[in-house]
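For the sequence shown, the working numbering assigns the number -1 to the initial residue and increments by one for each residue that follows. First the structure, in the form of structure tokens, and then the observations on it.
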Amino acid sequence: MQTIGNVWLWGGFAIVVIVALLVDLVLMRHGGAHKVTFKEATWWSIGWVLLALAFNAGLWWYLQGSMGDAAADRIGLEFLT
């Protein structure tokens, strides 16, 4: 079975997830208990969607170099759907 994963990719992914969790938990705690406004929720949502798209772009770039355009396109599209 062919896999795209290696130790460095899994380690990098774990670090990104941990940092994202820390950012979310620390920044939300720093603001204190408050009612989240529509504007604040919108900005948080935009930030998380942009993070996911950046991850997909990085995955596509890695796959394009290691497995070719067709595989990168297929796997990148699978991530989005």
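Ideal placement from N, C-alpha and C gives every residue a C-beta, glycine not left out. All values reported here derive from a predicted model rather than from experimental measurement.
Using a Cβ-Cβ cut-off of 6 Å (strictly less than) and excluding sequence neighbours within five positions of residue i, which residues of its own chain qualify?
i, result
"Ile73", "Leu61"
In the DSSP assignment, find the alpha helix (DSSP H) that holds residue i and state where it starts and stops.
i, result
"Gly45", "Phe36 to Met65"
"Ile2", "No alpha helix (DSSP H) holds Ile2; DSSP gives it neither H nor E."
Suppose you measure from the CA of residue i to the CA of residue j; what does that come to, to the nearest Å?
i, j, result
"Lys33", "Met26", "11 Å"
"Trp8", "His28", "30 Å"
"Asn54", "Trp42", "19 Å"
"Ser64", "Gly30", "45 Å"
"Val15", "Ala69", "25 Å"
"Ala12", "Ala18", "10 Å"
"Ala75", "Asn4", "Rather than Ala, the amino acid found at residue 75 in this sequence is Leu. Their Cα atoms are separated by approximately 21 Å."
Which residues in the same chain as residue i place their Cβ atom closer than 7 Å to its Cβ, once the five residues preceding and following it in sequence are excluded?
i, result
"Ala39", "none"
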